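In UniProt numbering, the protein residues as written are 1 to 302.
Quick reminder that beta carbons are idealized off the backbone N, C-alpha and C, glycines included.
In this text, all values refer to a predicted model and were calculated from it rather than measured experimentally.
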Amino acid sequence: MTSDIEEQLTIGMRQEVAGLALDTDVLDTATRRHGRRISVQRASYAAGVVGLAGALAAVVAIGGPGASTPEGSAPVASAPGGNRPPVASADSPQLQLASAITASETVSYRLKITAGSKDDPDAGGIAEAAWDPARSTGWLTTAIPGGGAYYQRMINGTFYVGSSGSRTWKQEPNNGYLEYGDVLGGAAGASADPKELFAALREAHAKITRTGDGRYHFESTRAYDDEHSTGTRTLVGDVTVGADGRIAKVTYLSTNKARVKPGVKSPKSGLTIESHQRLTLELSDYGVPVRVQKPTKVIVAR
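Written out as structure tokens, the structure reads:
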């Protein structure tokens, strides 16, 4: 299985999972990937994979002063270098979409992720999840390339992973959030994370246009330069807001163009990579309680 660095740089490219046994070996592999991911995941997100955490300082402020299976118009902040993005009016598509995002990310929800690759028609699949941000509780079930399923459960911030074919779960260190980098064997990568997608849609330089009642088109391109690679990630897609004012569906193409820095321990060191991932995120059941059963047979990873 490819390394986490390679997974992040080749998001959307089909990952080969040859001879993957659906037993505790799956958990061992997931544990190793999770351990490596903790050290690079946040840097990758912040550097342009999808997460744009630093850009929130330059985005229009929303809500400022005055404003069961396995399992809310504020001034614009100064942009870096003294440049200011355009002020968004109260009825602008940017503010309307940002309001819908705020209403969506503060309550529990259910999520269905459908992934496909522009490069490989046979790649992709479906994953499902539920998340309660107030309780740091939720679950994620995703198909494993080649057959079977991989499970995540989180209960009050305690993280467990399991797989079909095994009754044993592993309790692992975690940052208090589901690991979307594991969705569909890593093929969808960070692009499948609704929190990171919402951050990208709020980003000051994202182009948002209203295309109909509750419908928006978005384009976002961000350059990045991190310890592993340099490149750009472009998101182009459409958002549907439901009658409840919350995000109902996001369909988009994620294009990553990256050059792996020389010296990085990867077979693709020094090479240029381009990948294209088609993703659909469907959100529903807002406010519905998320119930997750604690596994009975657990090994604590150390």
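Beta-carbon contacts of residue i that lie in its chain and below 6 Å, excluding the five residues immediately before and after
i, result
"R110", "A130, S284 and D285"
"V300", "Q171"
"G212", "none"
"V107", "Y286 and G287"
"N174", "F159"
"K112", "E128 and E282"
Burial state of residue i, where buried means 16 or more other Cβ atoms lie within 10 Å
i, result
"K170", "buried"
"P289", "exposed"
"P93", "buried"
"Q152", "buried"
"L178", "buried"
"G48", "Any reading at G48 must be qualified, since the residue scores a pLDDT of 33, below 50, and its modelled position is unreliable; no value is offered."
"G270", "exposed"
"P262", "exposed"
"T209", "exposed"
"N256", "buried"
"A53", "Low local confidence applies: a pLDDT of 30 at A53 is under 50, so the model's placement there is unreliable, with the coordinate-based value given in what follows. The residue is exposed, with fewer than 16 neighbouring Cβ atoms inside 10 Å."
"E274", "exposed"
"G181", "buried"
"S243", "With the sequence shown as reference, residue 243 is identified as Ala, and Ser is not the correct amino acid for it. Exposed, by the Cβ-count rule."
"T142", "buried"
"E227", "exposed"
"D225", "exposed"
"D91", "exposed"
Residue i vs residue j beta-carbon contact at 8 Å
i, j, result
"A149", "L140", "no"
"T280", "T240", "no"
"A103", "R246", "yes"
"K297", "T168", "yes"
"S229", "A200", "no"
"A115", "A192", "yes"
"P295", "G162", "yes"
"A258", "G214", "no"
"R222", "S117", "no"
Beta-bridge pairing of residue i - partner residues as DSSP gives them
i, result
"I126", "T114"
"R259", "T230 and T272"
"R222", "R233"
"E203", "Paired residue(s): none; E203 is not in a bridge."
"G212", "R215"
"K249", "T240 and E282"
"S92", "In DSSP, S92 forms no bridge with anything."
"K265", "In the DSSP output, where bridge partners are listed per residue, K265 has none listed."
"T141", "E128 and Y151"
"S254", "L235 and Q277"
For residue i, the three-state DSSP class (helix, strand or coil)
i, result
"G242", "coil"
"S164", "coil"
"K103", "According to the sequence as given, residue 103 is Ala; it is not Lys. Residue state, collapsed to three classes: helix."
"R278", "strand"
"Y286", "coil"
"G148", "coil"
"Y180", "helix"
"K195", "helix"
"R302", "coil"
"A134", "coil"
"R291", "coil"
"H34", "Because the pLDDT at H34 is just 49, under 50, the model does not fix this residue reliably, and the value given afterwards should be weighed accordingly. Of the three classes helix, strand and coil, the one that applies to H34 here is helix, per DSSP."
"K297", "coil"
Same chain, Cβ closer than 8 Å to residue i, five either side skipped, listed in chain order
i, result
"R302", "none"
Close-in-space but distant-in-sequence residues of the same chain around residue i (CB under 7 Å, 5 per side omitted)
i, result
"T137", "M154, I155, N156, V290 and V292"
"G237", "F218, V250, T251, Y252 and L253"
"F198", "I101 and E105"
"D132", "S108, G138 and V290"
Below-8 Å beta-carbon distance, residue i vs any chain E residue
i, result
"A100", "Here there is only one protein chain, and chain E is not present."
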